[in-house]
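Take a look at the structure set out below.
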Amino acid sequence: MADYASLNKRYYAIKKYLDQSQFETPIYIHSSLSKQSLKGEVYGLIHNPDITFEQLGKAFANYKNWCEFIPLHLNVKACIYQRINKRRYLTFYVGRKFYQAPEDVYRVRYRFRLVTMTKGYFNVVLNAPYGPAGTSNYLLQLEVMKVEDKILFRVISSYTPSRRSRFGTSIYLSTKGKNKTGFTVVGVGNDGKPVYVRGIKGIIERNVIRYFLAGKAFMATRKLPYDKRHKALLQYWFLETEKYHKQLYEMSKKQYLKAKLHERQNQLELQKKYNQKTDITSK
Numbered sequence: 004m005a006d007y008a009s010l011n012k013r014y015y016a017i018k019k020y021l022d023q024s025q026f027e028t029p030i031y032i033h034s035s036l037s038k039q040s041l042k043g044e045v046y047g048l049i050h051n052p053d054i055t056f057e058q059l060g061k062a063f064a065n066y067k068n069w070c071e072f073i074p075l076h077l078n079v080k081a082c083i084y085q086r087i088n089k090r091r092y093l094t095f096y097v098g099r100k101f102y103q104a105p106e107d108v109y110r111v112r113y114r115f116r117l118v119t120m121t122k123g124y125f126n127v128v129l130n131a132p133y134g135p136a137g138t139s140n141y142l143l144q145l146e147v148m149k150v151e152d153k154i155l156f157r158v159i160s161s162y163t164p165s166r167r168s169r170f171g172t173s174i175y176l177s178t179k180g181k182n183k184t185g186f187t188v189v190g191v192g193n194d195g196k197p198v199y200v201r202g203i204k205g206i207i208e209r210n211v212i213r214y215f216l217a218g219k220a221f222m223a224t225r226k227l228p229y230d231k232r233h234k235a236l237l238q239y240w241f242l243e244t245e246k247y248h249k250q251l252y253e254m255s256k257k258q259y260l261k262a263k264l265h266e267r268q269n270q271l272e273l274q275k276k277y278n279q280k281t282d283i284t285s286k
């Protein structure tokens, strides 16, 4: 169950971990895996006096705005919004970490729901029945709660893997992903430094925090003029990922900006085509 009371209870249960966080923004990350679900969740305590909680809630409640920040994630090549029979949908074009054209990647269509919006709490849920490589039951959830002069973000990302996706993951973990880590500390090395989780849990944690940082970037740049906002979003997101260089680094800032600016143009063209198609069919 997701509501203010349960999130508030969860906050006090993990508060000691947030207080002890080694990172600039206090975060707590948890990952779990089973045959039915690969799930990651991140809690982050953010201070941003430039935007009120009410303004933040209104911004995240607008499903169109999600296509402004979700594509900051390396694997999201574009996002378009649609309204079908009074329901709101977001289609994520999902691919590899490098630049890809939208016609070369997989589309995952999420239904967007604003579940709760109160004075100090809101909850947005995205669900998609199917994804790439036979995966299913996709969930992307954002809960936000006011905590004194700060804001608590909780982002959950989960899906059901398939035999094909598990095989692809095993290949990745034996090659490019072999030395990559997550964020959960599982021990201490001989040098006294923390040892971080690897493998599938590492993938889960890297993925969910990239979504978290996208939401954080959206909040931080919300007050900027619209024509300057997108480049500021890209700059902010990349600089935030650099704070977790060991876990999140994939390419240089120059490479990231070049790819994402190109993907942004693709997205705008996709949205324009969809809007034109909708205008024609509605006449």
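So this note's numbering is basically just the index in the sequence shown, starting at one, shifted up by 3.
We put the CB at the ideal spot given by N, CA and C, even for glycine.
Spatial distance of residue i from residue j (CA atoms)
{"i": "Ala217", "j": "Gly192", "result": "31 angstroms"}
{"i": "Arg115", "j": "Ala5", "result": "Strictly speaking, residue 115 in this sequence is Phe, with Arg absent from that position. One C-alpha to the other measures close to 16 angstroms."}
{"i": "Tyr14", "j": "Gln144", "result": "16 angstroms"}
{"i": "Thr244", "j": "Glu266", "result": "19 angstroms"}
{"i": "Val188", "j": "Val158", "result": "20 angstroms"}
{"i": "Phe186", "j": "Ile49", "result": "18 angstroms"}
{"i": "Val108", "j": "Asn78", "result": "10 angstroms"}
{"i": "Ile203", "j": "Gly180", "result": "10 angstroms"}
{"i": "Glu146", "j": "Val128", "result": "9 angstroms"}
{"i": "Leu260", "j": "Lys231", "result": "14 angstroms"}
{"i": "Ser165", "j": "Ser40", "result": "10 angstroms"}
{"i": "Gly205", "j": "Thr172", "result": "12 angstroms"}
{"i": "Gly60", "j": "Phe241", "result": "24 angstroms"}
{"i": "Arg90", "j": "Tyr239", "result": "32 angstroms"}
{"i": "Glu71", "j": "Asp194", "result": "42 angstroms"}
{"i": "Asn11", "j": "Asn51", "result": "20 angstroms"}
{"i": "Lys257", "j": "Ile154", "result": "31 angstroms"}
{"i": "Leu227", "j": "Arg110", "result": "30 angstroms"}
{"i": "Lys275", "j": "Asp152", "result": "40 angstroms"}
Beta carbon proximity, residue i to chain B, threshold 7 angstroms
{"i": "Ile30", "result": "Of the chains in the structure shown, none is chain B; there is only one protein chain."}
Classification of residue i by the beta-carbon crowding that lies within 10 angstroms, buried from 16 upward
{"i": "Val237", "result": "Correcting the residue type first, residue 237 is Leu in the shown sequence and not Val. By the 10 Å Cβ count, Leu237 comes out buried."}
{"i": "His76", "result": "buried"}
{"i": "Lys19", "result": "exposed"}
{"i": "Ser34", "result": "buried"}
{"i": "Lys149", "result": "buried"}
{"i": "Ala220", "result": "buried"}
{"i": "Tyr229", "result": "exposed"}
{"i": "Asn210", "result": "buried"}
{"i": "Pro132", "result": "exposed"}
{"i": "Gln23", "result": "exposed"}
{"i": "His248", "result": "exposed"}
Beta-carbon spacing of residue i, residue j below 7 angstroms
{"i": "Ser160", "j": "Gly43", "result": "yes"}
{"i": "Tyr277", "j": "Ile83", "result": "yes"}
{"i": "Tyr96", "j": "Lys80", "result": "yes"}
{"i": "Thr138", "j": "Ser177", "result": "no"}
{"i": "Tyr162", "j": "Tyr175", "result": "no"}
{"i": "Lys100", "j": "Glu253", "result": "yes"}
{"i": "Asn130", "j": "Thr119", "result": "no"}
{"i": "Ala62", "j": "Leu117", "result": "no"}
{"i": "Ile54", "j": "Arg225", "result": "yes"}
{"i": "Tyr31", "j": "Ile17", "result": "yes"}
{"i": "Pro105", "j": "Leu251", "result": "no"}
{"i": "Leu93", "j": "Tyr113", "result": "yes"}
{"i": "Gly190", "j": "Val200", "result": "no"}
{"i": "Lys263", "j": "Glu27", "result": "no"}
DSSP three-state assignment for residue i, whether helix, strand or coil
{"i": "Arg232", "result": "helix"}
{"i": "Arg90", "result": "strand"}
{"i": "Glu44", "result": "strand"}
{"i": "Met254", "result": "coil"}
{"i": "Glu146", "result": "strand"}
{"i": "Ile17", "result": "helix"}
{"i": "Ser24", "result": "coil"}
{"i": "Asn130", "result": "strand"}
{"i": "Leu155", "result": "strand"}
{"i": "Thr55", "result": "coil"}
{"i": "Asn140", "result": "strand"}
{"i": "Leu242", "result": "helix"}
{"i": "Ser161", "result": "strand"}
{"i": "His50", "result": "coil"}
{"i": "Tyr31", "result": "strand"}
- Task: Scan the stretch 79-126 and note each continuous beta strand (DSSP E) run of 3 residues or more that stays entirely inside, going in chain order.
- Result: 79-87, 90-97 and 109-120
- Message: Suppose only complete runs of 3+ residues qualify. What are the beta strand (DSSP E) ranges in the stretch 179-225, listed by chain order?
- Response: 188-191 and 197-199
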